[in-house]
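In our numbering, the protein residues as written are 173 to 482.
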Amino acid sequence: MLSRNLHIFLDVASHRSFSKAAEARGMSQPALSQAVAQLEERLGEVLFDRTKRPLELTSCGQLFYDRCRKLCDEYQAIEDEVRQLRHGKIVGRVRVASIYSVGLLQMQAYVQRFEQLYPDVKVQLEYLHPDDVYAQVRRDNADLGIVSFPRTRADLECHDWLQQEMGVVVPPSSPLARRQSVELKDLRDLPFVSFTPDLTIRDEIDRVFLEADIEVRHVHQFDNIENIKRAVEIGAGVSILPLDSVRREVEFGLLIAIPFAKTQLTRPLGIIRKRGRPPTAAVSKFRDLLLDARSPEVKTPDRALAAAVT
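Printed below as a string of structure tokens:
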């Protein structure tokens, strides 16, 4: 019972919501709330500040979370090692937090290949805002994080992964739609659908415009590629995006993707992992599968996967 309640507590803390944790565990919210209440009664401390939305851990709750997270992860690692020793094969799970724009179809190709090689390992994918990817890795809620413009930190190690070519994305009705390539000057004064200023990719695009002395009209700003694509589709403006991220829309005739004629603009992708925490065999194998895709050339995830598995 105590072990069950500990895992419930960890799920609530990870989701920062009783209802989301209950849904993820497939149990009723009253039963889940009761389990947390039993744990708080046993400790004689309140673990969550229930007046905050989303939920926040109290100081005691944060201490309890950090220790329980390490305890449960260590137990899982021991269990995996015992099973590996007994059966002579890689077992366990790999938890991956990824930015939204490394799409489900792209990552799923790696996951499917990995699970063919290691059928006793389960890969869990979660798509998040970039800041939340870093947070999940730091909190030990994810073994690996996939981010753009990766940053090495004292508590995080970072591996360069892929370089995604970026280009101009326009609706089929745009005067630029028939062009084979474009230059930055072609975007001068056009309505531009941009990333929000808090994202590194926005800083990089702004830098390129500034160096070329080009001004565009920012008409909409979004913190994810999917919303930018939808805005461009309906004719709200043009944008600069990783060309691979619009592959499906181009295939269905919803968007036109145009490479730059002179400017080379790429988005680097990287893999982050928390320092000081040895990876399990399963995590190491999945990380190696991703890193095997690297090459000096600019490469999309599709071409990278082909290089990794052939």
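Note that beta-carbon positions come from the ideal geometry of N, C-alpha and C, so glycine has one too. The structure presented is a predicted model; accordingly, all values stated were derived computationally and were not measured.
- Boundaries around Lys457 are those of the alpha helix (DSSP H), Ala453 to Leu463, since no beta strand (DSSP E) includes it.
- With distances taken between CA atoms, Ser366 lies nearest to Leu413 out of Arg285, Leu413, Asp358 and Gln201.
- DSSP, reduced to helix, strand and coil, places Phe424 outside both helices and strands of the structure shown, so it counts as coil.
- The bridge partners DSSP lists for Lys192 come to none.
- Taken in chain order, the whole alpha helix (DSSP H) runs of length 4 or more contained in the segment 245 to 290 are 276 to 289.
- Per DSSP, the unbroken beta strand (DSSP E) holding Asp332 starts and ends at Leu328 to Val342.
- Straight-line spacing of the CA atoms in Ile377 and Gly317 works out to 23 Å.
- Restricting attention to Leu182, Ala249, Tyr237 and Cys330, the CA atom closest to the CA of Arg447 is found in Cys330.
- Gly409 is classed as buried because its beta carbon has at least 16 other beta carbons within 10 Å across all chains shown.
- Straight-line measurement puts the Cα of Gly264 at about 24 Å from the Cα of Trp333.
- Ranking Ile262, Gln201 and Ile386 by CA distance to the CA of Pro291 puts Ile262 first.
- Scanning its chain for C-beta atoms nearer than 6 Å, with the 5 sequence neighbours on each side dropped, one finds around Asn313 the residues Ser186, in chain order.
- With the rule of 3 Cβ pairs closer than 8 Å, the segment 317 to 326 does not count as touching the segment 380 to 389.
- Inter-residue distance for Leu178 and Arg449 is about 21 Å (C-alpha atoms, whole angstroms).
- DSSP lists Val354 as the beta-bridge partner residues of Phe432.
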